[in-house]
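Read through the structure below, which is laid out as structure tokens, and then see the notes.
2 protein chains.
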Amino acid sequence: MTNWTLAARAAKMNPSAIREILKLTDKPGIISLAGGLPSPKTFPLQEFTAACNTVMARDGAAALQYATSEGYAPLRQAVADMLPWTVDPDQVLITTGSQQALDLIGKVFLDKDSRMLVETPTYLGALQAFAPQEPIAVSVASDDDGILVEDFAAKAGTGADKARLAYVLPNFQNPTGRTMTEARRAALVAKATELGIPLIEDNPYGELWFGDAPPAPLTARNPDGCIYMGSFSKVLAPGLRLGFLVAPKAIYPKLLQAKQAADLHTPGFNQRVVAEVIRDGFLDRHVPTIRALYQQQRDTMLAALEHEMAGLDVAWTRPAGGMFLWVRLPEGVNAQALLAEAVERNVAFVPGAPFYAEHPDTRTLRLSYVTASSDEIRTAIAALATAIRAHQTKG
Amino acid sequence: MTNWTLAARAAKMNPSAIREILKLTDKPGIISLAGGLPSPKTFPLQEFTAACNTVMARDGAAALQYATSEGYAPLRQAVADMLPWTVDPDQVLITTGSQQALDLIGKVFLDKDSRMLVETPTYLGALQAFAPQEPIAVSVASDDDGILVEDFAAKAGTGADKARLAYVLPNFQNPTGRTMTEARRAALVAKATELGIPLIEDNPYGELWFGDAPPAPLTARNPDGCIYMGSFSKVLAPGLRLGFLVAPKAIYPKLLQAKQAADLHTPGFNQRVVAEVIRDGFLDRHVPTIRALYQQQRDTMLAALEHEMAGLDVAWTRPAGGMFLWVRLPEGVNAQALLAEAVERNVAFVPGAPFYAEHPDTRTLRLSYVTASSDEIRTAIAALATAIRAHQTKG
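Structure, rendered in structure tokens:
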């Protein structure tokens, strides 16, 4: 195969930085704050087992047959009913995880060298999902409240150079944990509408709020100007690979066609099982237990950071929900270099650089507070502080 | 959204011809020979239910957590063990149906305007899966034994114009039901190796043989020159969306990266359930029952065609396995036009034109003999003959 010619994009394909780190850190005794793995304690095993049996007994062969690309009708209806604005189930497309929704959106919107706007930093998996279309990802300046609308307008471009889409994750963002304020949302939607730039709103963590629910989604403010993405990965379990998108009716058929071509349909058995688990309001009872657990673990991590990082010039975010917080290291400390020293001390994190579409800040890193237990979090943050001190001494 | 600019490819995206036909034919009382739906009688419902319970009891949360993009190790091992040449499990990538394998291969091999070679006719779903990369699909002349190797060489191209891949389905092809002979396989692999053109071998139906097993796969003859695709859809159940590819080690990482970007991983629960169902040789006992059922239904359809089409200038293939046969209508009868008359008479089929990358033969159509029962097949073929006669009278 040495004489095979690959697509130009293949030369740019590299293993996911996060997945490579997960391999690096897969050693006995390590405490990983790296992955974005929901706590397995939150998976509703009994309900899931019962639903498997119900679906097989009730639906039998229908659950195992080919199915429509749009998704299982009762699940599409349940998704429409869950959302806080008027959604027709015909606008709901069930996807194989919300990662697939990104792939489909990339196929429908992006040509080679199309401009697309992303936050600074942004979700690494979105950059990877869009990469096969070889767009130019433009990093819009962002602060603790999210994307800066003035810079959004400045970077929107015009004519053939106009951005094809803007990808944003307003609630408890991956990787920073930050949340867009009400005012910022209103301003962004107004500007995107004015400029005619579709907002791709990714909301996998929106239900995982700790104090108050976050402001209404961007899409609720202008459903015809946005594509909304959601997921059952963080409120039920990620191994099911069940996500969804909600699109304006005019664009839905193109996304559906991309879905047909990508994998025909999302496993029908999984769709039926989840529809069975969530009927009768299960999520209303279940999600508060996830919120309570993650809030406690966030509190543990924040307290440990306060304690262990004292005297070090380290800064971090204080997320109001979700799974991650974002750390900025002292001047001169490179997160990638620090990782080796941290792994030696049995703690792992994800360096922040891969989350930047342009101009990475190499002093940043992402910590998850949902996979490890509170005890492990305390141990890990102490080890991380030790690693930083050791690194500074060396430096 | 009227002012949104879409990717150039989006203008070429159309609903799947087959899926649109399935909607058209979704009326009460119709007998559909159109879809490629495996007989639900063949789905191992008890074994699947038992495996769901075993997996949940044994693996619990691990079955519902995020998993590796490569796939569940015991399933990769089982796939490697199933195949009739030496396969390292590290070469096996589990995909969300074999349709996804096509999407990944397209991303890794095809640029806009890359040439790719396909059979005449070819699997429509492959054309759709490759379409987002905007290749030029070149139709290689084919006869009852498969692709013509001389024409393959003539159309291979050179330099920048050299074909990036050749997509072939050697066993009981969708749509024609034909099988490549031993001699043709040997000649094709030799020529592809000489020219350095990767063979993409799709083998979803290979186990469904009626008399003798088909000749060895192309990939078994030159594993470094081929990518092999297989599926559990036709030997277990399609609603699980479980397929796989086997790739040379040098190209595997690129396909893996495309997989990560596309949907992170195939549902881990489904992978564990299938690994559980197939351990201890279940397929060795189960697949013969599918073969027997489909052989009987093929015989029924062939006998009905002999009887009902007598005196009409209609020709058809006699598949030695698989799910489909291919019909050529009398001169002047267009299959698309005939479909309306057939649906009036409560029988549906798929017109052949969408299966051609170039120069469609509009007198062709595809019939499935696996979804409808033998009684229904007899009724449907009689109705089809009536429709042809009515159409000819009109014409």
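Just so you know, the protein sequences line up as chains A and B, in that order. Be aware that the first sequence starts at 175, since it is given in our numbering, and climbs by one per residue. Be aware that the second sequence starts at 175, since it is given in our numbering, and climbs by one per residue. Don't be surprised by glycine CBs; every beta carbon is placed ideally from N, CA and C.
Query raised in the report: For A:Val136, which of A:Arg540, A:Leu419, A:Gly245, A:Tyr246 has the nearest alpha-carbon?
Result: As displayed, chain A neither begins before 175 nor continues past 569, which places residue 136 of chain A out of reach and without an answer.
Query raised in the report: Closest Cβ-Cβ distance between A:Lys428 and chain B: below 8 Å?
Result: yes
**Report entry** Secondary structure of A:Pro412, DSSP reduced to three states
**Finding:** helix
Query raised in the report: Any C-beta of chain A sitting closer than 8 Å to the C-beta of B:Val292?
Result: no
Query raised in the report: Within 8 Å (strictly less), CB to CB, does B:Phe443 reach chain A?
Result: yes
Requested in this report: Tell me, please, whether the segment 515–524 of chain B touches the segment 544–564 of chain B by the rule of three or more beta-carbon pairs shorter than 8 Å.
Outcome: yes
**Report entry** Range of the contiguous alpha helix (DSSP H) that encloses B:Val342
**Finding:** B:Val342 -> not in any alpha helix (DSSP H); beta strand (DSSP E) instead, spanning 339–342.
Query raised in the report: From this set, A:Pro462, A:Ser288, A:Lys408, A:Gln445, which residue's C-alpha is nearest A:Met497's C-alpha?
Result: A:Lys408
**Report entry** Extent of the continuous beta strand (DSSP E) to which A:Arg540 belongs
**Finding:** 538–542
Requested in this report: Output the distance between the C-alpha atoms of A:Lys531 and B:Arg359, rounded to the nearest integer angstrom.
Outcome: Note on residue identity: the sequence assigns Ala, not Lys, to residue 531 of chain A. Roughly 47 Å between the two C-alpha positions.
Query raised in the report: Over what stretch of residues does the beta strand (DSSP E) that includes A:Leu140 continue unbroken?
Result: With chain A covering only 175 through 569, there is no way to say anything about residue 140 of chain A.
Query - Rounded Cβ spacing between B:Ile268 and B:Arg289 (contact assumed at less than 8 Å) - result: About 30 Å; that fails the 8 Å criterion.
Query - Within 8 Å, strictly: CB atoms of B:Ser547 and B:Leu207 - result: no
Report task. Could you name the residues of the segment 455–486 of chain B whose beta carbon sits closer than 9 Å to any beta carbon of chain A, in the order they occur along the chain? Result -> none
Report task. Establish whether the CB of B:Met187 and some CB of chain A are separated by less than 8 Å. Result -> yes
Requested in this report: Specify whether the segment 387–405 of chain A and the segment 354–368 of chain A touch according to this definition: at least 3 beta carbon pairs, one from each stretch, less than 8 Å apart.
Outcome: yes
Query - A:Arg492 - containing beta strand (DSSP E), residue span - result: Taken as a continuous stretch (DSSP letters only), A:Arg492 belongs to no beta strand (DSSP E), as it is neither H nor E.
Report task. Please compile the residues from chain A whose C-beta is within a distance smaller than 8 Å of the C-beta of B:Ala366. Result -> Simply none; closest approach about 11 Å.
Query raised in the report: Where DSSP assigns a beta bridge to A:Tyr402, which residues make up the other side?
Result: A:Glu375, A:Val420
Query raised in the report: Which chain A residues sit within Cβ distance under 7 Å of B:Asp285?
Result: Ala181, Ala182
Requested in this report: List the residues of chain B that A:Gln302 touches, going by C-beta distances under 9 Å, in chain order.
Outcome: Gln431, Gln434, Ala435
Query raised in the report: Considering only residues of the same chain and omitting the five flanking positions on each side of A:Lys186, which have a CB-CB separation below 8 Å?
Result: Ala305, Glu308
Report task. Return the CA-CA distance between B:Val253 and A:Pro462, expressed in angstroms with no decimal places. Result -> 41 Å
Query raised in the report: At a CB-CB cut-off below 7 Å, which residues of chain A make contact with B:Gln265?
Result: Here the premise fails: no neighbours, minimum Cβ distance about 12 Å.
Query - Cross-chain neighbours of B:Ser282 in chain A, by beta carbon under 7 Å - result: The sequence shown places Val at residue 282 of chain B, not Ser. Near B:Val282 (Cβ distances below 7 Å), the residues of chain A are Leu180, Ala181, Ala184.
**Report entry** Under 8 Å between C-beta atoms of B:Pro189 and A:Gln431
**Finding:** yes
Query raised in the report: Mind pulling the chain B residues with CB within less than 9 Å of A:Arg338?
Result: Trp178, Thr179, Leu180, Ala181
Query raised in the report: By the 10 Å Cβ neighbour count, where 16 or more other Cβ atoms means buried, how is A:Asn177 classified, buried or exposed?
Result: exposed
Query raised in the report: Hey, quick one: how far does the alpha helix (DSSP H) through A:Arg183 stretch, first residue to last?
Result: 182–186
**Report entry** Below-8 Å beta-carbon distance, A:Pro202 vs any chain B residue
**Finding:** no
Query raised in the report: Over what stretch of residues does the beta strand (DSSP E) that includes A:Arg502 continue unbroken?
Result: 498–502
Query raised in the report: Counting pairs of beta carbons, one from the segment 237–245 of chain B and one from the segment 410–426 of chain A, are three or more of them closer than 8 Å?
Result: yes
**Report entry** Positions along the segment 231–246 of chain B whose CB lies within less than 9 Å of some CB in chain A
**Finding:** Ala231, Gly234, Ala235, Ala236, Ala237, Leu238, Gln239, Tyr240, Ala241, Thr242, Ser243
Query - Best match in A:Gly495, A:Leu429, A:Val448 for proximity to A:Phe283 [C-alpha to C-alpha] - result: A:Leu429
Query - Environment of B:Thr332 [buried if 16+ CB atoms lie within 10 Å] - result: exposed
Requested in this report: Give the straight-line distance between the Cα atoms of A:Ala436 and B:Tyr246, rounded to the nearest whole angstrom.
Outcome: 21 Å
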